[in-house]
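Asker:
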Amino acid sequence: MTALPMASHQPAARGDQVDDYHGEKVADPYRWLEDTYSAETASWIAQQNEVTEDWLARVSSREEIRARLFELWDFPKFGVPFSRGRRWFQMRNSGLQNQSVLYVMERPDEEGRALLDPNELSEDGTVAVEGFAVTEDGSRLAYSTSVGGSDWQTWHVREVDSGQDLPDLVEWSKFSVASWRKDGSGFYYGRLDRPAPGGEYLEATSPRRVAFHRLATAQEEDEVVFERPDQPEWGPTGQVSDDGRYLLVSISHGTRPAEQLHLLDLERPEEGFRPIVSDFASKALYVTNQEKTFYLLTDYGAERQRLVAVDLDNPARENWQEVIGGQDALLLGVAQGGGKFICHYLEDACSRLRVFEMDGRFSHDVDLPAVCSIVTEREGSGIEARADSSLVHFGVVSFLDSGSVYEHDLETKRTTVIWQADAKLDREAFSSEQVFVTADDGARIPLFLTRRKDLGPSGEVPTLLYGYGGFDIPLTPNYSVTWSAFVDRGGLLAVACLRGGGEYGQGWHQAGMRENKQRVFDDFADCARHLVSAGWTKANRLAINGGSNGGLLVGASITQHPELFGAAVADVGVLDMLRFHKFTIGWAWKSDYGDPDVEEEYRWVRVYSPLHNISPGRRYPPILITTGDHDDRVVPGHSFKFAATLQHAQAEDPVASPGPVLLRVETSGGHGHGLPTAKAIARATDTLSFLEAALQMAPMR
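With the first letter of the sequence shown counted as 1, position 664 gets the number 665 in my numbering; the numbers rise by one all the way through.
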């Protein structure tokens with residue numbers, strides 16, 4: 002294969018910072034790159050972006066890729082409609098709009114009118130709507146905006162009839178939803194202290210409180226209804242119960258998949274909060290309630306989760322009554338509507354829908370494609386249902402389905418597609434299947450393969466292997482225009498469901514977290530070896546990709562097994578495992594990774610920390626590292642230091658590792674959410690151009 006040209010970087014200045022970790026001296030020569038907004042870092046970023054742009058501009062297929070992405074991206078996209086009062090609401094994008102638009106309709110199948118268009122909030126589309134909630138009567142909308150991909154949210158209130166904003170403004174919220182009082186007098190939200198000037202994107206974000214904003218009042222008058230200053234790592238979230246009588250506060254601790262649940266009777270607020278679940282021993286997710294009977298989704302007594310009924314007068318776990326028991330599949334979410342429970346299961350990482358009566362008796366299955374996912378929003382079941390209606394709405398995606406919207410009638414048991422996916426891809430020309438890889442310890446790892454039907458296992462197929470493996474988050478069939486373009490141009494997409502994720506319940510998650518984190522990287526390597534042994538590809542035609550925790554996966558994989566891969570793309574990765582907990586929300590990840598300040602747990606992360614396992618003389622594959630200058634979740638210093646260290650190792654021994662080490666920094670970009678379409682297409686163009694050059698799918702000029 003033709004050797005790729007190097008990338009000519011100016012060496013980054015190396016400092017003399019050395020830290021003592023439990024008796025081990027560890028150098029950190031690029032500590033200065035943690036300060037994203039210093040003049041020195043800004044100059045270094047500009048130089049890195051210039052080198053990356055010059056290198057990518059030499060890929061012969063780059064403009065062809067860009068044109069194809071614009072073509073593939075330009076199709077209408079529809080969110081799942083939901084009703085409030087007599088109105089229906091839905092997110093839509095006509096195709097190439099930078100941000101999706103919220104519409105309001107009288108019926109779910111009509112055109113309606115635009116209620117909230119984020120594209121009018123900024124010229125370049127970098128102001129996004131992060132979250133929204135509509136009052137029970139459908140008269141007002143609370144919505145939060147974020148700027149440049151930041152996690153910081155600012156809440157606004159809009160009248161639905163007039164489409165005009167009220168004067169209400171709520172700032173310095175983060176990772177928050179809004180939950181309206183039943184009477185529409187105001188909403189509950191998550192509130193944080195205002196950071197010090199200049200620290201908005203680096204300072205740790207705690208403690209969080211639940212506050213109530215009453216309409217037509219200043220934020221300074223908002224009432225803090227729940228806080229625990231003695232527990233700064235607790236993350237409370239407020240939610241009004243379906244009947245409007247109670248305020249439920251769910252409390253998380255870091256990112257562990259468990260929560261406490263506390264309840265305030267809004268008719269008797271003087272009685273204060275009472276605990277329903279007072280520890281972090283299990284999940285306790287509110288589904289609905291009927292007076293004093295609360296229905297919770299929990300993994301207590303059922304690793305793959307179950308639905309239980311809890312009597313407020315006797316809330317101890319030993320008194321919980323099972324309504325829908327655990328099954329072989331994972332009970333991922335439950336919605337209540339039309340007097341029934343609609344249950345979303347994961348079966349080998351694919352969605353299934355089953356309907357039960359309120360007493361737990363099975364009613365019927367809802368037909369779905371074999372390899373698909375129900376579109377899920379954060380913490381939600383992905384199912385829109387109302388107690389007073391038999392109609393249920395949900396979205397379905399797959400590797401070949403860009404997002405169809407279904408309507409199911411609980412009475413007639415009929416399912417109808419009301420918005421058909423309309424991506425510019427000939428689905429009949431492609432195949433998507435699931436296979437299983439046997440890990441070195443005998444575990445069965447699901448692996449999804451998507452390709453053109455005329456593509457066979459020739460041993461030369463350019464292949465992109467994607468993974469995540471963490472935080473109890475399941476990786477399920479999903480549609481990506483970037484992925485579609487890759488397979489359209491002759492590649493094989495392989496998506497692996499690794500331990501550490503949430504595909505099979507807590508045992509699967511725990512097998513890849515904390516002291517077991519190495520298992521995730523081993524599973525990924527086993528999937529790579531399978532793709533080669535199955536005859537699809539070979540090492541120099543195999544690329545890997547992942548983002549955030551998946552960026553850690555990529556970094557650990559190339560430092561442990563560089564010989565397995567021909568290219569790597571690490572997006573917004575957690576790459577410095579000794580200091581990840583020092584910035585913004587990073588402290589919360591200790592529940593999944595461990596705490597570097599504890600000696601035993603430091604040993605866990607030290608052995609695989611990508612930044613600290615780079616060695617001159619090793620032959621690393623070509624790598625593209627991407628981040629955003631406004632990423633305040635995984636701060637860009639992770640990517641900056643990793644890129645600088647790889648570039649230094651390459652300069653020390655350019656013969657051993659001749660492939661390019663490229664860094665792409667998105668300006669006014671964050672962790673990935675809220676990225677305007679124009680920037681998303683530009684990023685996808687660069688990613689695919691890099692992959693095509695690195696995997697020898699296209700020559701360099």
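Here a beta-carbon is modelled for each residue, glycine too, at the ideal position from N, C-alpha and C.
For residue 541, does the three-state DSSP call read helix, strand or coil?
Answerer: Reduced to three states, the DSSP call for residue 541 is helix.
Asker: Closer than 8 Å is the cut-off here; do at least three beta carbon pairs connect the stretch 191-198 with the stretch 169-179?
Answerer: The answer is yes - the stretch 169-179 touches the stretch 191-198, with three or more Cβ pairs under 8 Å.
Asker: For residue 241 versus residue 181, is the C-beta distance shorter than 8 Å?
Answerer: Yes. Within cutoff.
Asker: Looking only at C-alpha atoms, which of 600, 675, 684, 693 sits nearest to residue 130?
Answerer: Closest by alpha carbon: 675.
Asker: Near residue 11, what residues of its chain come up, given a Cβ to Cβ distance below 8 Å and the 5 sequence neighbours on each side ignored?
Answerer: Answer for residue 11: 48, listed in chain order.
Asker: Please work out which residues of its chain come closer than 7 Å, Cβ to Cβ, to residue 438, disregarding the five sequence neighbours upstream and downstream, and give them in chain order.
Answerer: So the qualifying residues of the chain are 446, 448, 527, 528, 531.
Asker: What does a CB cutoff of less than 8 Å around residue 161 pick up in its chain, not counting 5 residues either side in sequence?
Answerer: Contacts found: 88, 105, 116, 135, 139, 140, 141, 142.
Asker: Pull up the DSSP beta-bridge partners for residue 546, would you.
Answerer: Paired residue(s): 467, 570.
Asker: How many Å lie between residue 32 and residue 18 at the Cα?
Answerer: Answer to the nearest angstrom: the Cα atoms are 7 Å apart.
Asker: What's the gap between the Cα of residue 483 and the Cα of residue 279?
Answerer: Roughly 44 Å between the two C-alpha positions.
Asker: What is the DSSP secondary structure of residue 523, counted as helix, strand or coil?
Answerer: Of the three classes helix, strand and coil, the one that applies to residue 523 here is helix, per DSSP.
Asker: So, helix, strand or coil for residue 50, using DSSP?
Answerer: If DSSP states are grouped into helix, strand and coil, residue 50 belongs with the helices.
Asker: With a CB to CB cut of under 8 Å and the five nearest residues on each side skipped, what residues in its chain are close to residue 368?
Answerer: Same-chain partners within the cutoff: 416.
Asker: Please classify residue 13 as buried or exposed, where buried requires at least 16 other C-beta atoms within 10 Å of its C-beta.
Answerer: With 16 or more other Cβ atoms within 10 Å, it is buried.
Asker: Applying the criterion that 16 or more other CB atoms from any shown protein chain within 10 Å of the CB defines a buried residue, is residue 407 buried or exposed?
Answerer: Under this definition residue 407 is a buried residue.
Asker: So, at 8 Å on beta carbons, what are the nonlocal neighbours of residue 293 in its own chain, with the 5 sequence-adjacent residues on each side left out?
Answerer: If we look at residue 293 and ignore the five residues flanking it on each side, its Cβ neighbours are 312, 313, 314.
Asker: Helix or strand or just coil, what does DSSP make of residue 702?
Answerer: It is coil, neither helix nor strand.
Asker: Any idea what DSSP makes of residue 369, helix, strand or coil?
Answerer: Residue 369 falls in the coil class under three-state DSSP.
Asker: Does residue 603 come out as helix, strand or coil in the three-state DSSP assignment?
Answerer: Of the three classes helix, strand and coil, the one that applies to residue 603 here is helix, per DSSP.
Asker: Using a Cβ distance threshold of 8 Å, determine whether the stretch 540-560 contacts the stretch 462-475, with at least three qualifying pairs required.
Answerer: Yes, the stretch 540-560 is in contact with the stretch 462-475.
Asker: Give me the Cα-Cα distance between residue 364 and residue 319, rounded to the nearest whole angstrom.
Answerer: Rounded to the nearest angstrom, the two C-alpha atoms are 28 Å apart.
Asker: CB residue 122 to CB residue 167, shorter than 8 Å?
Answerer: The answer is no: Cβ separation not under 8 Å.
Asker: Count the other CB atoms within 10 Å of the CB of residue 335; is the residue buried (16 or more) or exposed (fewer)?
Answerer: Result: buried.
Asker: What residue from 164, 184, 154 has the CA that sits closest to residue 170's CA?
Answerer: Residue 170 has its Cα closest to that of 154, out of 164, 184, 154.
Asker: Taking DSSP as the reference, what is the three-state secondary structure of residue 348?
Answerer: Note: residue 348 maps to strand in three-state DSSP.
Asker: Can you give, in chain order, each stretch of the beta strand (DSSP E) that sits fully within the stretch 151-182 and has at least 3 residues?
Answerer: For the stretch 151-182, whole beta strand (DSSP E) runs of length 3 or above, ordered along the chain, are 153-160, 166-175.
Asker: For residue 381, does the three-state DSSP call read helix, strand or coil?
Answerer: In this prediction, residue 381 has a pLDDT of 42, which is less than 50 and means its spatial position is unreliable; nothing more can be read from the coordinates.
Asker: Would you say residue 460 and residue 513 are within 8 Å of each other, going by their C-beta atoms?
Answerer: No, they are not a contact pair.
Asker: Near residue 30, what residues of its chain come up, given a Cβ to Cβ distance below 6 Å and the 5 sequence neighbours on each side ignored?
Answerer: So the list reads 15, 16, once near-sequence residues are dropped.
Asker: State the DSSP-derived secondary structure class of residue 447, mapped to helix, strand or coil.
Answerer: Residue 447 falls in the strand class under three-state DSSP.
Asker: Indicate whether the contact test is met: 3 or more Cβ pairs, each with one atom in the stretch 616-629 and one in the stretch 563-570, closer than 8 Å.
Answerer: Output reads yes: the stretch 563-570 touches the stretch 616-629.
Asker: Whole angstroms are fine: how far does the CA of residue 456 sit from the CA of residue 163?
Answerer: Their backbone Cα atoms lie some 54 Å apart in a straight line.
Asker: Please report the straight-line C-alpha distance between residue 124 and residue 100, rounded to a whole angstrom.
Answerer: Rounded to the nearest angstrom, the two C-alpha atoms are 11 Å apart.
Asker: Assuming contact is defined by CB atoms lying nearer than 8 Å, are residue 120 and residue 91 in contact in what I supplied?
Answerer: No.
Asker: According to DSSP, is residue 118 part of a helix, a strand, or is it coil?
Answerer: The answer is coil: DSSP assigns residue 118 none of H, G, I, E or B.
Asker: At which residue ranges does the stretch 26-110 contain complete beta strand (DSSP E) runs of 3 or more residues, listed in the order of the chain?
Answerer: You should have 83-85, 88-94, 102-106.
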